[in-house]
Structure formats: C-alpha cells, structure tokens
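2 protein chains.
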Amino acid sequence: MSDVGRLAGVSHQTVSRVINGNQHVRPETRRRVLAAMNELGYRPNLAARALATGRSNMLGVVSFDTTLYGPASMLFGIERAAHEAGYFIIVASMTALDRPSLASAVERLRVQGVDGILVIAPLDVAAEALRYAPDDIPLVAMTGGPHEEVPVVEVDQISGAVQATGHLLDLGHANVWHIAGPPGFIEATRRRQGWRQTLESAGIEPPAPLTGDWSSRSGYELGSSLATDTGVTAVFVANDQMALGVLRAMHEHRRRIPADVSVIGFDDIPEAAYLLPPLTTIRQDFLELGNRALRLMLQTIEAGDGQLRGSSVEPELIVRASTGAAPRRPS
Amino acid sequence: MSDVGRLAGVSHQTVSRVINGNQHVRPETRRRVLAAMNELGYRPNLAARALATGRSNMLGVVSFDTTLYGPASMLFGIERAAHEAGYFIIVASMTALDRPSLASAVERLRVQGVDGILVIAPLDVAAEALRYAPDDIPLVAMTGGPHEEVPVVEVDQISGAVQATGHLLDLGHANVWHIAGPPGFIEATRRRQGWRQTLESAGIEPPAPLTGDWSSRSGYELGSSLATDTGVTAVFVANDQMALGVLRAMHEHRRRIPADVSVIGFDDIPEAAYLLPPLTTIRQDFLELGNRALRLMLQTIEAGDGQLRGSSVEPELIVRASTGAAPRRPS
DNA sequence: GCGCATAGCGTGAGCGCTAACATACCCGCT
DNA sequence: AGCGGGTATGTTAGCGCTCACGCTATGCGC
Numbered sequence: 035m036s037d038v039g040r041l042a043g044v045s046h047q048t049v050s051r052v053i054n055g056n057q058h059v060r061p062e063t064r065r066r067v068l069a070a071m072n073e074l075g076y077r078p079n080l081a082a083r084a085l086a087t088g089r090s091n092m093l094g095v096v097s098f099d100t101t102l103y104g105p106a107s108m109l110f111g112i113e114r115a116a117h118e119a120g121y122f123i124i125v126a127s128m129t130a131l132d133r134p135s136l137a138s139a140v141e142r143l144r145v146q147g148v149d150g151i152l153v154i155a156p157l158d159v160a161a162e163a164l165r166y167a168p169d170d171i172p173l174v175a176m177t178g179g180p181h182e183e184v185p186v187v188e189v190d191q192i193s194g195a196v197q198a199t200g201h202l203l204d205l206g207h208a209n210v211w212h213i214a215g216p217p218g219f220i221e222a223t224r225r226r227q228g229w230r231q232t233l234e235s236a237g238i239e240p241p242a243p244l245t246g247d248w249s250s251r252s253g254y255e256l257g258s259s260l261a262t263d264t265g266v267t268a269v270f271v272a273n274d275q276m277a278l279g280v281l282r283a284m285h286e287h288r289r290r291i292p293a294d295v296s297v298i299g300f301d302d303i304p305e306a307a308y309l310l311p312p313l314t315t316i317r318q319d320f321l322e323l324g325n326r327a328l329r330l331m332l333q334t335i336e337a338g339d340g341q342l343r344g345s346s347v348e349p350e351l352i353v354r355a356s357t358g359a360a361p362r363r364p365s
Numbered sequence: 035m036s037d038v039g040r041l042a043g044v045s046h047q048t049v050s051r052v053i054n055g056n057q058h059v060r061p062e063t064r065r066r067v068l069a070a071m072n073e074l075g076y077r078p079n080l081a082a083r084a085l086a087t088g089r090s091n092m093l094g095v096v097s098f099d100t101t102l103y104g105p106a107s108m109l110f111g112i113e114r115a116a117h118e119a120g121y122f123i124i125v126a127s128m129t130a131l132d133r134p135s136l137a138s139a140v141e142r143l144r145v146q147g148v149d150g151i152l153v154i155a156p157l158d159v160a161a162e163a164l165r166y167a168p169d170d171i172p173l174v175a176m177t178g179g180p181h182e183e184v185p186v187v188e189v190d191q192i193s194g195a196v197q198a199t200g201h202l203l204d205l206g207h208a209n210v211w212h213i214a215g216p217p218g219f220i221e222a223t224r225r226r227q228g229w230r231q232t233l234e235s236a237g238i239e240p241p242a243p244l245t246g247d248w249s250s251r252s253g254y255e256l257g258s259s260l261a262t263d264t265g266v267t268a269v270f271v272a273n274d275q276m277a278l279g280v281l282r283a284m285h286e287h288r289r290r291i292p293a294d295v296s297v298i299g300f301d302d303i304p305e306a307a308y309l310l311p312p313l314t315t316i317r318q319d320f321l322e323l324g325n326r327a328l329r330l331m332l333q334t335i336e337a338g339d340g341q342l343r344g345s346s347v348e349p350e351l352i353v354r355a356s357t358g359a360a361p362r363r364p365s
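So the sequence lines, in the order shown, correspond to chains A and B.
With this note's numbering as the guide, the letters of the first sequence map in order to residues 35 to 365.
With this note's numbering as the guide, the letters of the second sequence map in order to residues 35 to 365.
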C-alpha cells in the first residue's frame, strides 16, 4: 500500500482513503492513486483489513446436506444476495445431525471471524441449540420456528400442508394418507401437523402417518405398502422426491394416477412437471428465502438493529396431473 | 492472547506455541495454558494469523449454478474433504457464463486471500480463461480438459458416452439418437464426441444431434419431436433431467419404454432409479471428484509440488429398465 | 485583519498473531 | 571446572491495514 502511495506521491493513508471511497480526496489525487494501483497490480489484503476493523465482510452458512434441492437452493440464493451486497460466504457443513455438530460448525465460523451466521438446518435439535446460541454475533435461522432468541426466515409449512390436504379434500377424497419426513425435522413435523389439523377440522379421523427419510427410495417402499390398500385414494407426501417413489410404487401395483389414487408432493423440484404424471405439489421459493435471510442479516449487522423479527413466505399450490377427483366408492 | 499468557504465567509466544502444537513446551506448561484458554473463553483470531503467516487456510470455489445436482455434489464433496483437512471453503458464484465473470470471481477470491482456487465451471470459456490464469496461486479445475497450465480432475466423459452408446448398440439398435447439452459446455461436447465416435467406428452414420439446455423441459420438448419418428428406437440423452423429460414425451406419444424405444441418461441422479421406468444411466461419482480435487489442491499447496497432473474418474454404466433389446424391424 | 470552519493530506499507534532471534537453564562430556 | 548442545521460554519486529489524531492551506464572515 505504501508502495502505491510512494508511486502516486501520497501517503499510504490517502491510498486507503481512495480504496474506501472517502470523500475528502481531490479527484486529481484519486486519479493518480488509482493509476498507481493499476500499474503496480495492487490488491488490498482483506485479512489485514479484517484485523484492523474487526469486521471481515464474511458471512457463515451452516448447513447439513447441500446436495438436497432445498438447502442447495437456499445456499445459492444467499450467495447471490451476499455477492451483491459485497459479502463473502463461507460454508461449514455439519458432520452429523446433532447439537454438538451444530455447535462446532458455529464455533468454526466464529473463529474464522465471520460477521454473522445463517443456519440452514431444519432440525429440532438445531432450533433447540439456537436457543443457547452466542449472543455476540448475529444469527439468522432458515426455518426453525419462531422463537425469541433468533430471527427466523421460513416458508409457512403448516399453510402448505393445509393447502395440500385441502386440495385433496376438495377433490372429494374421503380421507388423505400422509407420508411424512423423518423425525427430528421441523418441516416434517409441521407438515404432519398441517395435514392432521386439516383432516380433524373436517371431522375426519387421520390415518396413521408413515415416516420416510425424504429419499425416493423410502417413498417407493412406503408407497408400495399404501398401494396394496385399495381404500387409499389420496396421499399427501412430504416432499417431491418421496412422491416420485410413490408414483412408481403405485404404477407397479397397477393403481392409476390420478384415476385410482391422487398424489401430491411438496417443494416443486424442477423435475416435478415432467414426471409421469406431472406432479401436483406445493412450491417453496427457496431462492427468495435465501434472499430474505440475507437481507435480514445485513440489517442486523449494519443497522445493528437487534430486534428484528423474522418473516414467513407463503407456499403455493401447483396443480398438475397427479391429483384428480376421488374415484366413486365401490359401495 | 497475552491475557491467556498472563493467566498461565507465560508469554504470549508460548501460548502461540501451544496453539500450534509446537513440541518444545513442557506438558505442565501446556496444561496450564490450555486451562487458561478455557477459563478465558479464548478464541484465536484467524485474520491475524493469516496476516502474520500469509496463509489463510481458506480455499475458494468458483462455480456457476450450485442448484444443479452435479455442481452441488462436487461442492459438497469439496467442503467435506476441506473440513477434514482443516480448511474453510468460500464460494464465489459466477453471475454469467462468460470469461469476465470467471475472472472476476477468481479475483474476488484472491483478494480474500484464499490459498487456492477450485473451479467448477464446465465451460469452454472457463477452460479457455484458465489458460491465462494467474500463476501465483494454485488452481485446480474440475473438468475442463487436460491442458498444461492447470491440473484437472474430471470424469471421463468420452468413456461414459462410449459406454452409453455401446450399450444401446449391443442391445441390437441399428442407430442411436442423441440429445446433447447446450453449446459451450465441455461435458456436452465430450459426450457428443463419444457418441459420434462410437457410432462411426461401428460404421453407422450418426443422425443429427438435438441440443437441449440440461433441463427436463428441454428434454421433454426435444423428446416430443423424436417421438413422432418411429424410426427412432434408441436415444442417448446427455443428462438425467433431460432424459426424464424424454420419458414423459415418449409416454405421451404412446411409445413404450423400453419396448419401442430405449432411453439412457447421464449422471445417475438419486431419483433415476425411481422414474417410470427406472432410468438406465451413466453414473458419475461427484463426491469422489470433489475429494480428489481437494487432495490435489492440498498437495499443491503443502508440498509446493507445482507439477501435479490431474486425474480422471471412470464413469459407470448403470443398467435399469429404460433400455432393452431393439424392437424387431417392421420390415 | 482575525478567527473559524472545512477540505486535503500525513503521522503514529495498534489490531492479534507468528518468525526469528535471544536468553536461561540443564545435561553430559572432556 | 568449563564447554558444547539441546530444551524451554521470552523479546522484538513486523504482517497490511484502519483509526484517531494532527497539521496545513484555503475560503468565508465579521
């Protein structure tokens, strides 16, 4: 930096001013400094700046499996928004789905000196762990239920499940079966809740839900057991991957979709519209979620506004060909 | 740090030695320092260390769309491996698919002080841009064709395409159509090459390939046009998403799979086994790819071994139900 | 003419750490 | 006893930057 200053005939401090867009620099001087920087191929050292200012312009994201469509999309949304705002994203993935793992990921990020941490870990334990989170660093959770300690940005899962179940009921189905996500996942729980409460308020006794693990494979296996029961005419599956497995299972058991049984998924993965048949599902706008989370984070950091509440994004019912009117009762 | 030293009754330097695992510290002293660190809740400042050592223990990853299965998996593989090795990953995504965008992503990472950069950008322009890459920072490309400047870790695309096309030929198909990936993508080009050369060396004149954009939607559209031609009995689709669209298109045109037409994809996405019918495809081990890239990077950094060659991972043919014997010629 | 503000720049200290050297001490050897 | 050579520790000087000042020149009002 002082080399640049020397070449431009100014002090290193003036160079710093130019870099940071300080107003009190003559245009002519600025020009000279810029030229010198260019000539010398000068690149500021952000580590030094971080040391001097105590701020790193880095944001941490802790997540579990970024191979999944949802997390991957959120991460992507965050990264894009961060980039625009001049921040860098550093990822720390959890090695296991438990609390120590979350704590260690957060700790690693703090050591790195991030200015804030976004948590993509839709787990009960994660939400729980966040209660005891350090309060000297801004935290934003993507999903995790509203609680006092940490602002949360999320898609309204209950609403989505209510829409899905209601859609099936509107179609004339007498009951709606449910293939839920694995225990421990907040979203799985919420969707199950939404499904249950919709049935109950319609005066219907909900059948016992089945529990999958989000994978197509588990959807296929669980779907196979549902397919053998001809009483089943409508299934609300907690995500699209599992729904896809259900589609195959039904097909193999000669249960036509949607003539014999209606299937609805959740997420609206890009492939959903091209499955056989095209899958009716609940769309979650993950990118928007990432965006909002980042904006919330930035407000917290820059405005220092500690008391920001999270926000909730409405999911949207996308009707395609996998749901239809209930078959007439073989009375 | 000196606070810790004071509490433990040593100098800050000894604390530093303890942190860095220096051998020349008495066990008793080490114990006291550790206790002091614990009591004070001391957290080292990595920015300061980076400033002092000139190394940041951060690796940059530049990628395009991490929403896609392939890139997401590679990123995940890299992150996991990096974590184990004690490195952090910082992502910079390209805003567009061109050279300036790549250059700016690389530049941003360098400013951040990363120790090395991994490039997940399977584009011609990216590969091209890498030729003029800065040589004062280790670079590893994930796919991009072997060239002298930058070590490359990749899946052998040609081999995959040859396996796919050969599989179809072995099944007795007289010809194999191809739905290729978009122009500019190295992998699209390679797969097209492998397909073409397999046909040619079998003495078959390759039909004009169609060009999609990797999406299910484009697969569906292109598949529809192929479906109307009853001469088409075998299609090699450049990725699974598009193949899935083709499956739907064929179904809608009452072309049975695999009785009337065989379809093979590429990637082996987790859903592939649960499509209708289960998709025959070429598996790419993205996680392994990420792993290898990271190990290569670490060797380059730590051994300072500038002359490391990249490596190539063999893809694997996964035969499922979407391919079968050619229908008898309606002669 | 003076005081006073402000623009435009420079100086010095210090962020928290490590590298290199300096020092104190203990051991075994001649 | 004296000396070399290791081991355990302290001291000092930066790494490249920003922050809090301080200084000078200029403009303006009275």
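From the three backbone atoms N, C-alpha and C, an ideal C-beta is built for every residue, glycine too.
| Item | Value |
| --- | --- |
| Between Ser-356/B and the ligand PLP, is there a pair consisting of the residue's CB and a ligand heavy atom that are separated by less than 7 Å? | The ligand PLP is not part of this structure, which contains no ligands at all. |
| Rank Ser-345/A, Thr-262/A, Gly-104/A and Val-347/A by C-alpha distance to the C-alpha of Arg-289/A and give the top, closest one. | Thr-262/A |
| With 16 other CB atoms within 10 Å as the buried threshold, where does Gln-47/A fall? | exposed |
| Hey, would you say Ala-126/B sits closer than 8 Å to Val-96/B, going by beta carbons? | yes |
| Return the first residue and the last residue of the beta strand (DSSP E) that Ser-356/B is part of. | Note, Ser-356/B: premise wrong, no beta strand (DSSP E); not H, not E. |
| Below 9 Å on C-beta distance, what does Tyr-76/B contact in chain A? | In chain order: nothing, as chain A lies at least about 11 Å away. |
| From the DSSP secondary-structure annotation, give me the bridge partner or partners of Ile-298/A. | Phe-270/A and Thr-314/A |
| By the 8 Å beta-carbon criterion, what residues does the region 108-132 of chain B contribute toward chain A? | Leu-109, Phe-110, Glu-113, Arg-114, His-117, Phe-122, Ile-123, Ile-124, Val-125, Ala-126, Ser-127 and Thr-129 |
| If the cut-off is 7 Å on Cβ atoms, which residues from the region 263-280 of chain A count as contacting chain B, listed in chain order? | Gln-275, Leu-278 and Gly-279 |
| Ala-82/B versus chain A: which residues are under 7 Å apart at the beta carbon? | Leu-85 |
| At 3 residues or longer, what runs of the beta strand (DSSP E) sit wholly inside the region 123-205 of chain A? | 150-154, 173-176 and 186-189 |
| For a contact meaning CB atoms closer than 7 Å, what does Ala-106/B contact in chain A? | Thr-100, Thr-101 and Ala-106 |
| Tell me the DSSP secondary structure of Thr-87/B in three-state form. | helix |
| Report the three-state DSSP secondary structure of Trp-229/B (helix, strand or coil). | helix |
| Evaluate contact between the region 195-203 of chain A and the region 163-178 of chain A, counting only Cβ atoms and requiring at least three cross-stretch pairs below 8 Å. | no |
| Name, please, each residue of chain A whose Cβ falls closer than 9 Å to the Cβ of Ser-45/B. | Residues of chain A passing the Cβ test: none, with the nearest at roughly 21 Å. |
| Please confirm whether Gly-150/A has its beta-carbon closer than 8 Å to some beta-carbon of chain B. | no |
| What does Tyr-254/B touch in chain A if you count any residue whose Cβ is under 7 Å from its own? | Tyr-308 |
| Would you say Gly-147/A and Asn-79/B are within 8 Å of each other, going by their C-beta atoms? | yes |
| Against chain A, with Cβ distances strictly below 8 Å, would Asn-209/B count as a contact? | no |
| Taking Val-347/A as the reference, give the member of Leu-323/A, Leu-281/A, Arg-329/A and Met-331/A with the closest Cα. | Leu-323/A |
| Where does the unbroken alpha helix (DSSP H) through Leu-93/B begin, and where does it stop? | Leu-93/B -> not in any alpha helix (DSSP H); beta strand (DSSP E) instead, spanning 92-97. |
| Within a Cβ cutoff of 7 Å, which residues of the same chain sit near Ser-90/B, ignoring the five residues on either side of it in sequence? | Ala-84, Gly-147, Val-148 and Asp-149 |
| DSSP puts Val-210/A in a beta bridge; with which residues? | In DSSP, Val-210/A forms no bridge with anything. |
| If we define contact as Cβ-Cβ less than 8 Å, is Pro-304/A a contact residue for chain B? | yes |
| Evaluate His-58/B with the Cβ neighbour count: other Cβ atoms within 10 Å of its Cβ, from every protein chain shown; 16 or more gives buried, anything less gives exposed. | exposed |
| Strictly under 8 Å for the Cβ-Cβ distance: is Arg-251/A near chain B by that measure? | yes |
| Name the residues in the region 220-251 of chain B whose C-beta lies less than 8 Å from a C-beta of chain A; which are they? | Ser-249, Ser-250 and Arg-251 |
| What residues in its chain sit with their C-beta under 6 Å from that of Val-189/A, if we drop five residues either side in the sequence? | Gln-318, Val-347 and Pro-349 |
| With distances taken from CA atoms, which of Ala-161/B, Thr-101/B, Asn-209/B and Val-52/B is nearest Gln-264/B? | Residue identity differs from the one stated: residue 264/B is Thr in this sequence, not Gln. Measuring from the Cα of Thr-264/B, the nearest candidate turns out to be Asn-209/B. |
| Indicate whether at least one CB of chain A lies closer than 8 Å to the CB of Ser-90/B. | yes |
| In the DSSP output, which residue or residues are listed as bridge partners for Thr-245/B? | Ala-214/B |
| When burial is assigned at 16 or more other CB atoms within 10 Å of the CB, is Thr-199/A buried or exposed? | buried |
| Identify each residue in the region 140-167 of chain B for which the Cβ-Cβ distance to at least one residue of chain A is less than 7 Å, and report them in chain order. | Arg-144, Val-145, Gln-146 and Gly-147 |
| Would His-212/B pass as an interface residue toward chain A - the criterion being a Cβ-Cβ separation below 8 Å? | no |
| For the beta strand (DSSP E) holding Val-347/B, just list the boundary residues, first then last. | 345-347 |
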